[in-house]
RNA sequence: GGUCCGUUCGUCUAGGGGUUAGGACGCAAGAUUUUCAUUCUUGUAACACGAGUUCGAUUCUCGUACGGACUACCA
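Residue numbers (the numbering used here): 59 to 567.
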């Protein structure tokens, strides 16, 4: 029942964690709804009891939340069309399926799964593919082929059956897709899809069309894997007499593996060293554990920004977008037609960009949490200074933590190569002198210590590089790192002179 | 196999009948720097192929190749 109001839905199946492609589909739906002041619904398509994974639904809700995609209506929030979980929508689907049978658009089929498999095997042996459709449905076990009293008898006996759609024998269909334009199909090549299963549940096709109609969905934005079933869905709308209010369709390109062939799969992440899921997920059935962007240290804004530009672009050279900016700029017309290879490097780059824009205080709080997890606390002011100093070289907060280790603990060992290269015979005496100089300074601000040291070595005729490398080694234990005068300002006068003395003691003369 | 979809630098992409085919990631070089990064500058690199239409095609059409999806009582 399409109205002028934009209403879109994200309709995942709770068969596991939502992966990158699913999140992007949700994102594009969300963006489209926001762009047009419409509604974003979440509907859970759990009509396959066999594939249900406990926890998957909660995961999906949490993942959308983490990404900042607020659901207006649906599972978890309710709404005028509740329930939004298909398994709870009771008799609705059966009634609609029977309506189709009554109108001659569908029929009862009693074929046993085993019989069908046999036929498939036979066909395959001949190098053919078995299709349950117009060409052979009269020779199969269904209400179209069997005499009425035989059907009646089967029903009375309680014979298991499904309801199949009666595909037109030979009809040319020209359908519209917002992203792809006109797509043509001939129904002669299509099969009589099962709409209602013997277990009393609808299949995706029926439930999807019925719910989209009932929930007044205006646009169906989904993955390209659904394009082949577009004719079936369009025909269903027609059979129900809902053609006038049929939603508009947009089929999104797929996300492909970074290298190799095929679409991105959940295994690729572990294989190639990047997460495929927004958040960590432990599959209760298999015990497998999957990494997540959240746990890997990505900011949700960066993750969403990266995803938005995978298959869509604004037509300008802007690359950094807040969720609000994305909502303002998004349009389905600018979605690409071809599949996009996922690029983990670019994802990292986005995070680096976002990290640079974060206030030092916010980074310090995140860093503080990490340190607490390791069992120690530091003064917040100190952490803010550390973040200010280290953020530009970091992609993740964890990079700051790793680069900041020497702030929290004086070096016990010293980079071997650095020592070999920079620890000369005259170094110990020089550093001891330096320690005395620094100990006597009134201000330990970076600018002041630097000025004092520069003046001092100029008098001594020592090169800055010559001194600084050994100095750095003594203070941090490493041969590389941020500007040393900034480091010792944070470390403080006492700690600095102490480390200088300790290094001389350890590394000797 | 069949049906459908797609094809611009290695990757994400802009563009579009006449352009030095633009940007970003990556990579490389240079600059800056006490080191390593960062940053900045520069560079590297693309219209899958073949016909047709046209004065002219990377852009339009067709074909081929290649890639992808679908082909369940899964979604």
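Built from N, CA and C at the ideal position, the CB exists for glycine as well.
Owing to the predicted nature of the structure, the values given are computational and were not obtained by experimental measurement.
Item                                                                                                               : Value
As assigned by DSSP and simplified to three states, the class of residue 431                                       : helix
Contact under 8 angstroms by Cβ, residue 492 with residue 529                                                      : yes
Contact check, residue 260 vs residue 245, beta carbons under 8 angstroms                                          : no
Where the alpha helix (DSSP H) containing residue 144 begins and where it ends                                     : Unbroken run through residue 144: none, as it is neither H nor E.
Coarse secondary structure for residue 529, derived from DSSP in three states                                      : helix
Cβ-based burial, residue 548 [other Cβ within 10 Å; buried from 16]                                                : buried
Cα-Cα separation, residue 109 to residue 73                                                                        : 6 angstroms
Candidates 467, 412, 266 and 334: closest to residue 104 by CA position                                            : 266
Distance between residue 503 and residue 55 (C-alpha atoms, nearest Å)                                             : Nothing about residue 55 can be reported from this structure: the residues present for the chain run from 59 to 567 only.
Helix, strand or coil at residue 137 according to DSSP, with G and I counted as helix                              : coil
Those residues which DSSP pairs with residue 309 across a bridge                                                   : 280
Residue interval of the alpha helix (DSSP H) (run including residue 165)                                           : Careful: residue 165 lies outside any alpha helix (DSSP H), inside the beta strand (DSSP E) at 164-167.
Environment of residue 86 [buried if 16+ CB atoms lie within 10 Å]                                                 : buried
Cβ-based burial, residue 182 [other Cβ within 10 Å; buried from 16]                                                : exposed
Cα-Cα separation, residue 464 to residue 554                                                                       : 12 angstroms
Proximity below 8 angstroms, CB of residue 363 to CB of residue 388                                                : no
The segment 313-331 contacting the segment 394-413, beta-carbon criterion three pairs below 8 angstroms            : yes
Nearest residue (CA-CA) to residue 415, options 563, 272 and 449                                                   : 449
Outcome for residue 359 when other beta-carbon atoms lying within 10 angstroms are tallied against a minimum of 16 : buried
Beta bridge counterpart(s) of residue 241 as assigned by DSSP                                                      : 233
Proximity of residue 117 and residue 75 at Cβ, strictly below 8 angstroms                                          : yes
Distance CB(residue 111)-CB(residue 342) smaller than 8 angstroms                                                  : yes
Residue 455 versus residue 304 - alpha carbon distance                                                             : 48 angstroms
Which of helix, strand or coil DSSP assigns to residue 228                                                         : coil
Residue burial classification, residue 101 (beta-carbon count within 10 angstroms, cutoff 16)                      : buried
Beta bridge counterpart(s) of residue 254 as assigned by DSSP                                                      : 221 and 260
Inter-stretch contact (C-beta, 8 angstroms, three-pair minimum) for the segment 138-152 and the segment 237-244    : no
Collapsed DSSP secondary structure at residue 131 in the structure displayed                                       : strand
DSSP state of residue 75 mapped onto helix, strand, coil                                                           : coil
DSSP three-state assignment for residue 354, whether helix, strand or coil                                         : coil
Contact between the segment 120-138 and the segment 326-340 (3+ Cβ pairs under 8 angstroms)                        : yes
Option in 514, 115 and 346 with minimal Cα separation from residue 134                                             : 115
According to DSSP, residues forming a beta bridge with residue 300                                                 : In the DSSP output, where bridge partners are listed per residue, residue 300 has none listed.
Residue 292 to residue 218 span [Cα, whole Å]                                                                      : 28 angstroms
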